[in-house]
Amino acid sequence: MANLDSTFHDVASIAPPQIRKITAQDLFDSLWRGWEDFKEQPSHLAFIALIYPIAGIVLAQLTESYNVFPLLFPLLSGFALIGPFAAIGLYEVSRRREQGMDSSWRHALGVLRSRSIKQIFLLGAMLTGLFLAWLFSAWFIYRAMLGLPADVSSADFLRAVFTTSDGWLMIVIGNSVGLLFAILAFSISVVSFPLIIDRHVDAPTAIRTSIAAVEANPRVMMYWGLMVTGLLVLGCLPVLVGLILVMPVLGHASWHLYRKVVG
11 MANLDSTFHD
21 VASIAPPQIR
31 KITAQDLFDS
41 LWRGWEDFKE
51 QPSHLAFIAL
61 IYPIAGIVLA
71 QLTESYNVFP
81 LLFPLLSGFA
91 LIGPFAAIGL
101 YEVSRRREQG
111 MDSSWRHALG
121 VLRSRSIKQI
131 FLLGAMLTGL
141 FLAWLFSAWF
151 IYRAMLGLPA
161 DVSSADFLRA
171 VFTTSDGWLM
181 IVIGNSVGLL
191 FAILAFSISV
201 VSFPLIIDRH
211 VDAPTAIRTS
221 IAAVEANPRV
231 MMYWGLMVTG
241 LLVLGCLPVL
251 VGLILVMPVL
261 GHASWHLYRK
271 VVG
């Protein structure tokens with residue numbers, strides 16, 4: 011007899027995704043449910059979450075070692091653009107727990123056996139492309155605004171950024187451009203990955219649904235984006251260690267937010 015659990019919910023829903031209106035209370039409820047999921051399976055979630063801070067530390071070390079310290083902030087802030095892709099295992103754990111199935115750690119990456127894995131990686135590649143485009147844009151802005159020598163020290167770089175008019179102009183322009191990248195990435199991914207995992211839709215359908223969810227709930231989605239940003243900033247303290255807690259909770263919360271928004 012075929013193992014129903016191993017079918018990985020192969021029978022996709024044929025009903026087109028329907029967008030619901032949500033409130034700010036739904037955001038807090040999603041966070042609470044995400045916290046409950048984390049408490050239920052903390053061992054493997056901590057293991058997965060370690061990938062995020064370790065990768066950030068490695069990237070920070072590379073920027074220092076190869077004298078590209080000016081890209082440190084764009085790397086760390088832009089890394090959040092691919093956070094929804096990094097959390098695919100967490101969505102699957104929340105899905106299984108919601109349906110009363112075994113949600114132990116060995117199932118976290120079972121999503122990689124999904125028949126929709128190509129669509130998942132396609133959407134992940136799009137977010138990765140946005141991440142690389144953001145890095146290129148940040149480097150271009152830096153070179154145009156400051157253009158310091160390649161071997162500039164960290165101290166000299168920080169001094170130029172915070173004590174010169176060109177440095178402050180770079181901060182304003184860089185953060186404005188970064189905000190545009192963040193809005194785009196958020197709009198196409200806020201519910202996309204959970205939708206693909208849950209219903210096996212293709213990437214374009216998932217993206218259209220995600221954008222529609224943002225358009226239907228602009229203010230609440232703005233609050234969610236600010237909450238995610240604030241928690242990620244707190245998670246970076248100290249030395250990104252807080253992300254070991256923040257990342258899995260947000261990952262699980264994103265699944266529950268998807269369930270509230272998409273019917």
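Numbering of the sequence shown is given in the working numbering, commencing with residue 11 and proceeding in unit increments.
Each residue gets a CB set at the ideal place from its N, CA and C atoms; glycine is no exception.
Item	Value
Rounded Cβ spacing between A263 and G99 (contact assumed at less than 8 Å)	A263 to G99, Cβ: 15 Å. No contact.
Classification of W42 by the beta-carbon crowding that lies within 10 angstroms, buried from 16 upward	exposed
Beta-bridge pairing of I29 - partner residues as DSSP gives them	V272
Assigned exposure category for A148 - 16 Cβ within 10 Å defines buried	buried
Where T17 sits in the DSSP three-state scheme	Note that T17 scores 41 on pLDDT, short of 50, meaning its location in the model is unreliable and no value can be drawn from it.
Nearest-angstrom Cα separation, counted from M111 out to L14	In this prediction, L14 has a pLDDT of 40, which is less than 50 and means its spatial position is unreliable; what the coordinates show is noted afterwards. Using only the alpha carbons, I get a separation of about 11 Å.
R125 - DSSP class collapsed to helix/strand/coil	coil
W144 burial status per 10 Å Cβ neighbour count (16 or more: buried)	buried
A160 to E225 span [Cα, whole Å]	43 Å
Reduced DSSP category for P159 - H, G, I as helix; E, B as strand; rest coil	coil
Whether V230 touches I29 by CB criterion (9 Å)	no
Supposed contact pair L140 and A213 - C-beta distance, whole angstroms, cut 8 Å	No, A213 and L140 are not in contact; Cβ-Cβ is about 14 Å, not under 8 Å.
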